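Q: Below is a structure I'd like to ask you about.
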Amino acid sequence: MIELWFQLIEKPIFPLLGLFVGCIMGSFLNVCAHRIPIAKSIVFPSSHCPKCGSSINWFRNIPIFSWIIQKGRAVCCSYIIPIRYFLVELITGVLFGYFFYLSSIDSDFVMLLVRCIFTSFMLAIIVIDYETMLIPDRLSIGGAVTGLILAFTFPEINLDFIQNSWLDHFSSGLDSLIGLLIGSSLLYWIGVLGFLIFGREALGEGDIKLLGCIGAFCGWQGATFAIFGGAFFGTCLLLPVMLCQKLFHFQKEKNDSDSELVWGKEVPFGPFLAAAGLFYFLGGSVYIEPWFEPFFLLIKNQ
Ligand SMILES: [Zn+2]
1038 MIELWFQLIE
1048 KPIFPLLGLF
1058 VGCIMGSFLN
1068 VCAHRIPIAK
1078 SIVFPSSHCP
1088 KCGSSINWFR
1098 NIPIFSWIIQ
1108 KGRAVCCSYI
1118 IPIRYFLVEL
1128 ITGVLFGYFF
1138 YLSSIDSDFV
1148 MLLVRCIFTS
1158 FMLAIIVIDY
1168 ETMLIPDRLS
1178 IGGAVTGLIL
1188 AFTFPEINLD
1198 FIQNSWLDHF
1208 SSGLDSLIGL
1218 LIGSSLLYWI
1228 GVLGFLIFGR
1238 EALGEGDIKL
1248 LGCIGAFCGW
1258 QGATFAIFGG
1268 AFFGTCLLLP
1278 VMLCQKLFHF
1288 QKEKNDSDSE
1298 LVWGKEVPFG
1308 PFLAAAGLFY
1318 FLGGSVYIEP
1328 WFEPFFLLIK
1338 NQ
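Numbering (my numbering), first residue to last: 1038 to 1339.
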């Protein structure tokens, strides 16, 4: 059985298997993104149309393909299936395919599991926060607890050398806990500072819990990066939009600013935090970790 498994992972079929698993996971994430904000069970009932309630046959529910074949339209009624369904399935499929490919090279199945789990949490949070401006505790706190349990169970996630003693497990779990606490408290105080300067709340409690989750998986360096990386990603994406609005409004009317985008108010920060956390976790840490070296040198010299 093990031999068969090793034969399988050496072949290109393994990344394809990842793509397949990822598409199904993406489909499940879409269900989560629809049902969690309205406090419905994510397991029962089976897939049904959000508009008319008719159940959806399995052959109308094939990830990616169903959306393309039906051209984004439901068969039962006039419901237009948002492109988000297609995109989440595609992105999850491609990412999982890539993770399976990486594990077929280094045979590191613990990292495969951790990558798939963290990515799933972040993608679900990105979609839900983008659509509802809320981050459910089930995902942020649930993700943080999952990160702690994984770090405790598999110390190789955080430690370069392990001796298979209990000390490894506690040490790795502690790394993860420190990441969680530093991440969430840092963002909390940034929020307090922002409130003092700008006089309005720019960060939600959900963002703080989310950063705790990112810290549990990525450590305190990853969580620290996510704050600044998230702000950077957000600025890169929104600045052009806001500039266009300003120019457009300047030509139109001066006092009509109802539809204007205001940073931190109408735009959720969570998706950018989660995207920066993903960037760090999925390879960006190689480039970003050296930035923290002066800090470690400073502690050593004390
Ligand atoms: Zn319908």
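Heads up, the beta-carbon is just placed ideally off N, CA and C, and yes, glycines get one too.
These numbers were taken from a predicted model, which means no experiment stands behind them.
Closer than 8 Å to a non-hydrogen atom of ligand 1 - does that hold for the CB of Ser-990?
A: Residue numbering for the chain in the displayed model covers 1038 to 1339; residue 990 lies beyond these limits and cannot be assessed.
Q: For Cys-979, which residues in the same chain have their Cβ closer than 6 Å to its Cβ, ignoring the five residues on either side in sequence?
A: An answer regarding residue 979 cannot be provided, because it is not within the stretch 1038 to 1339 covered by the chain.
Q: Verify the contact flag: Ala-1312, CB atom, against every heavy atom of ligand 1, threshold strictly below 8 Å.
A: No, since every heavy atom of ligand 1 falls outside the 8 Å radius drawn around the Cβ of Ala-1312.
Q: Closer than 8 Å to a non-hydrogen atom of ligand 1 - does that hold for the CB of Gly-1090?
A: Yes, the beta carbon of Gly-1090 sits closer than 8 Å to at least one heavy atom of ligand 1.
Q: Compute the Euclidean distance between the alpha carbons of Leu-1304 and Ser-1202, then round it to the nearest angstrom.
A: The sequence given here has Val at residue 1304, not Leu. Roughly 46 Å between the two C-alpha positions.
Q: Per DSSP, which one or two residues make a beta bridge with Ser-1092?
A: Paired residue(s): His-1085.
Q: Where DSSP assigns a beta bridge to Ile-1117, which residues make up the other side?
A: In DSSP, Ile-1117 forms a bridge with Arg-1110.
Q: With a threshold of 8 Å, establish whether the CB of Tyr-1116 neighbours any heavy atom of ligand 1.
A: It does: the Cβ of Tyr-1116 is within 8 Å (strictly closer) of some heavy atom of ligand 1.
Q: With a cut-off of 8 Å on the beta carbons, I'd call Ser-1092 and Ser-1084 a contact; round off their distance for me.
A: With 8 Å as the limit, Ser-1092 and Ser-1084 qualify as a contact, their Cβ atoms being about 7 Å apart.
Q: Output yes or no for whether 9 Å exceeds the beta carbon distance between Ala-1253 and Gly-1320.
A: Result no, Cβ atoms of Ala-1253 and Gly-1320 do not sit closer than 9 Å.
Q: Any contact between the region 1162-1176 and the region 1317-1336? By contact I mean 3 or more CB pairs, one from each, below 8 Å.
A: The region 1162-1176 vs the region 1317-1336: no contact.
Q: The alpha helix (DSSP H) with Gln-1226 in it runs from where to where?
A: Here the sequence assigns Trp to residue 1226, which means Gln is not the residue at that position. Unbroken alpha helix (DSSP H) run through Trp-1226: 1203-1235.
Q: Applying the criterion that 16 or more other CB atoms from any shown protein chain within 10 Å of the CB defines a buried residue, is Lys-1283 buried or exposed?
A: Burial call: exposed.
Q: Report yes if the CB atom of Ile-1120 is closer than 9 Å to the CB atom of Gly-1109, and no otherwise.
A: Yes, the pair counts as a contact, with Cβ atoms nearer than the cut-off.
Q: How close, in whole Å, do the beta carbons of Ala-1263 and Leu-1248 come, if the pair is a contact with beta carbons under 8 Å?
A: Right, the Cβ-Cβ distance comes to about 6 Å (below 8 Å), so this counts as a contact.
Q: Grab me the residues of Ala-1181's own chain with a C-beta within less than 6 Å of its C-beta, minus the 5 sequence neighbours each way, in chain order.
A: Cβ neighbours of Ala-1181 beyond the five flanking positions: Leu-1217, Gly-1249, Cys-1250, Ala-1253.
Q: Answer with yes or no whether the minimum CB distance from Leu-1315 to chain B is below 9 Å.
A: The structure shown has no chain B; it contains just one protein chain.
Q: So what's Gly-1301 in DSSP terms, helix, strand or just coil?
A: Residue confidence for Gly-1301 is low, a pLDDT of 47 falling below 50, so the modelled location carries little weight and cannot support an answer.
Q: What are the boundary residues of the alpha helix (DSSP H) that Leu-1377 is part of?
A: Lying before the first or after the last residue shown, residue 1377 is absent from the chain, which here runs from 1038 to 1339.
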